[in-house]
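Student: Anchor point for the sequence shown: position 274 equals 576 in the numbering used here, and the numbering is continuous, going up by one each time.
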Amino acid sequence: MELDPVLLARIQFGFTITFHIIFPSFTIGLAAFIATLLVRWRMTGRDHLHRLARFWTKIFAVSFAMGVVSGIVLSYQFGTNWSNFSVVVGNVLGPLLGYEVLTAFFLEATFLGIMLFGWNRVPPNIHVLSAVLVAIGTSLSAFWILAANSWMQTPAGHEVINGIAYPVDWLQIIFNPSFPYRFAHMFTAAYLTTSLVVLAVGARYLFKDRYPEEAKTMMRMGLGMVAILAPLQVLIGDQHGLNTLKHQPAKVAAIESHWDGSEPGALVLFAIPNEKEERNDFEIAIPYGASLILTHKADGLFPGLKEFAPTDRPPVFPVFLSFRLMVGMGVLMLLIGFVGAWLWFRGKLFDTRWYLQYVQYAWPLGFIAILAGWYTTEIGRQPWIASGILRTADAASPVSGGAVFTTLVLFVIVYGIVFSMGIYYINRLIEYGPKGSAAEPPAGLPNRPLTAAEPAAQEAIERT
């Protein structure tokens, strides 16, 4: 059997980035949460806020480490599996990734050490400032990565000479047409993801009657963010969709599984897209629904898939499915936010057992939504790896399918072991819970990032 190196390289990149994206998405919001806790602690002097910040910093350390490790692998893949991609668009994307390292990563790396190891070792205000700067660094990192990825979706500010892209206007490159919408959408998703995890952990403790003061603070802060950001994400998503329709109409046609652009689009709730016959099988749809959402007119028209050559269409089924999965997670987040806010308003948030029982298992919703949204946007831009500049099939390295398959198998084995241990470790830390006080030095004197979490994890393991 002949192995397709391009398909295997795509599967390998998709596999590794699936692991990678969940950790930066989580740590962006978590860094801001920790900084907020420490600022509130300095303003109020309430001991449990300091205790909570220390507890979540241990989880941040493990998540940050796994995010860095999985991100380094991606950069190597550009050289091993996607060398033509580096040749064609490296003049644009290389500096953008370099700016990310110079501004964001250096800022994070510098002050992360103080944030992790500075408890009771540096003045409190310096420690709080380091946490704030780490939070700013994670946000800056998202800014540059989204700028680079958005340029691949909607390139601008460049010229192509002999098939190679060269930068002309860096402001246009960074603030390309889809960047503001994609950055706002992803940034809000990251904060929503962290808020749901914080809310779920708070509900878990309160349901088991453990750490009631800390649990109530986590529930208030987590639920407050979910109740505000979930509806806001709907508005941002709407504007993002309109922008995508303007610049990437084939992607929107695939998302909606809309074949005939001469008729108003129906909102397809369920279907099995039949790409061979260019129609939907077993379709359940709301007439005019998609036109109303995308054009804000019931009889509005937008391009259908038949208007694009088959070689210029993205794979319809995975885009169609992943988008609906993302929206489904969003609906659940809205319900959690609305119901929780109502219970909070009535003063019954902490006493409603069925709500606590349900919410403690809601922590994966944000991660699932981010992965589904990422698949939608990345598969939806196919067959282009850089829209209008380079097709994915032309970006691959001249390597054999067997070589790519072998490394893919190794990645699956190594990632399966490393990330299973990391997630197990985080769960142990959560099981251990927030302990100690601001006046006490942290247990142990860690000299490396992961050792900051070791004492707590070891105790949790011994308890079980």
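Using N, Cα and C, we set each Cβ at its ideal position, and we do this for glycine too.
Since this is a predicted model, take the numbers as computed values, not measurements.
From the DSSP output, in three-state form, read off V308 for me.
Tutor: Helix.
Student: Between the alpha carbons of A449 and L603, how many angstroms are there, rounded?
Tutor: The alpha-carbon atoms of A449 and L603 are separated by roughly 30 Å.
Student: Quick test of your reading: L534 and L596, contact by CB under 8 Å. State the CB separation rounded to the nearest angstrom.
Tutor: Not quite, the Cβ-Cβ distance comes to about 20 Å (not below 8 Å), so this is no contact.
Student: Measuring only the C-alpha atoms, how far is W644 from K518?
Tutor: Answer to the nearest angstrom: the Cα atoms are 16 Å apart.
Student: May I ask you to report which of helix, strand or coil DSSP gives I330?
Tutor: I330: helix per DSSP, three-state reduction.
Student: Report the rounded CA-to-CA distance for V641 versus D471, giving the unit in angstroms.
Tutor: Approximately 48 Å, taken between the alpha carbons.
Student: Taking C-beta to C-beta, are W453 and E402 nearer than 8 Å?
Tutor: Taking 8 Å as the Cβ cut-off, W453 and E402 do not qualify as a contacting pair.
Student: Evaluate contact between the stretch 701-715 and the stretch 464-481, counting only Cβ atoms and requiring at least three cross-stretch pairs below 8 Å.
Tutor: No contact exists between the stretch 701-715 and the stretch 464-481.
Student: Quick check on DSSP: helix, strand or coil for T610?
Tutor: A quick correction: the sequence has Phe, not Thr, at residue 610. In this structure, F610 counts as coil in the three-state DSSP scheme.
Student: Which partner residues does L692 have in the DSSP bridge list?
Tutor: Partner(s): A688.
Student: Could you have a look at L571 and say whether DSSP puts it in helix, strand or coil?
Tutor: Strand at L571.
Student: What is the DSSP secondary structure of I313, counted as helix, strand or coil?
Tutor: Of the three classes helix, strand and coil, the one that applies to I313 here is helix, per DSSP.
Student: Tell me the start and end of each unbroken alpha helix (DSSP H) in the stretch 638-710 that is at least 4 residues and wholly inside, in chain order.
Tutor: You should have 655-661, 667-682, 694-697.
Student: At a cut of 8 Å, does the stretch 346-357 reach the stretch 303-311 through at least three beta carbon pairs?
Tutor: Too few Cβ pairs lie closer than 8 Å, so no.
Student: Give me, in chain order, the residues of the same chain whose beta-carbon lies closer than 8 Å to that of N576; leave out the 5 immediate sequence neighbours on both sides.
Tutor: Within the same chain, N576 has close Cβ partners N582, D583.
Student: Can you tell me the Cα-Cα spacing of I588 and G668, whole angstroms?
Tutor: Each residue's alpha carbon lies about 27 Å from the other.
Student: Judging by CA-CA distance, which residue of G524, N478, I463 is the nearest neighbour of T496?
Tutor: Considering only alpha carbons, the answer is G524.
Student: Quick one: is T766 buried, meaning 16 or more other Cβ sit within 10 Å of its Cβ, or exposed?
Tutor: Legend: pLDDT at T766 = 49, less than 50; position of this residue unreliable, value from coordinates given subsequently. The residue is exposed, with fewer than 16 neighbouring Cβ atoms inside 10 Å.
Student: Measure the C-alpha to C-alpha separation of L494 and Q455 and round it to an integer number of angstroms.
Tutor: When rounded, the distance between both Cα atoms is 24 Å.
Student: Could you give the distance in angstroms between the alpha-carbon of A592 and the alpha-carbon of L623?
Tutor: Roughly 16 Å separates the two Cα atoms.
Student: Taking only three categories from DSSP, how would you classify P751?
Tutor: Confidence at P751 is low in this model, with a pLDDT of 49, below 50, so the placement of that residue should be treated as unreliable; the coordinate-derived value is given next. It is coil, neither helix nor strand.
Student: Rounded to a whole number of angstroms, what is the C-alpha to C-alpha distance between P566 and R484?
Tutor: If I take the Cα positions, the gap works out to 26 Å.
Student: Please report the residue range of the beta strand (DSSP E) in which P736 lies.
Tutor: No beta strand (DSSP E) contains P736, which DSSP labels as neither H nor E.
Student: What are the residues that DSSP puts in a beta bridge with A587?
Tutor: DSSP output for A587 lists V570 as bridge partner(s).
Student: Regarding V716 and the ligand FAD, is the C-beta to nearest heavy atom distance less than 7 Å?
Tutor: What this structure holds is no ligand at all, so the ligand FAD is not there to describe.
Student: Go ahead and pull the three-state DSSP assignment for R506.
Tutor: DSSP places R506 in helix when its eight states are reduced to three.
Student: Could you have a look at P426 and say whether DSSP puts it in helix, strand or coil?
Tutor: Helix at P426.
Student: Can you tell me the Cα-Cα spacing of I361 and I681, whole angstroms?
Tutor: Roughly 32 Å between the two C-alpha positions.
Student: Using 8 Å as the threshold, is the C-beta distance between L508 and M521 below it?
Tutor: Yes. Within cutoff.
Student: Which partner residues does H460 have in the DSSP bridge list?
Tutor: Paired residue(s): P469.
Student: For N582, name the three-state secondary structure that DSSP assigns.
Tutor: In the structure shown, N582 sits in a strand (DSSP, three-state: E or B).
Student: Figure out for me which residue from G369, K553, L636, L339 has the closest Cα to the Cα of P620.
Tutor: Selected option, being the one with the closest Cα: K553.
Student: Using 10 angstroms around the beta-carbon of G381, count the other beta-carbons present and answer buried if the total reaches 16, otherwise exposed.
Tutor: Classification for G381: exposed.
Student: Between which residues of its own chain and Y717 is the CB-CB distance below 8 Å, once the five residues before and five after are set aside?
Tutor: Hits under 8 Å: F317, T318, F321, S372.
Student: So, with DSSP's three-state summary, where would you put T766?
Tutor: Any reading at T766 is ruled out, since the residue's pLDDT is 49, under 50, leaving its predicted position unreliable.
Student: If we ignore side chains and look at the alpha-carbon of each, how far apart do F312 and R353 end up?
Tutor: The residue you asked about is not Phe; residue 312 is Arg in the sequence shown. Straight-line Cα distance between these residues: approximately 44 Å.
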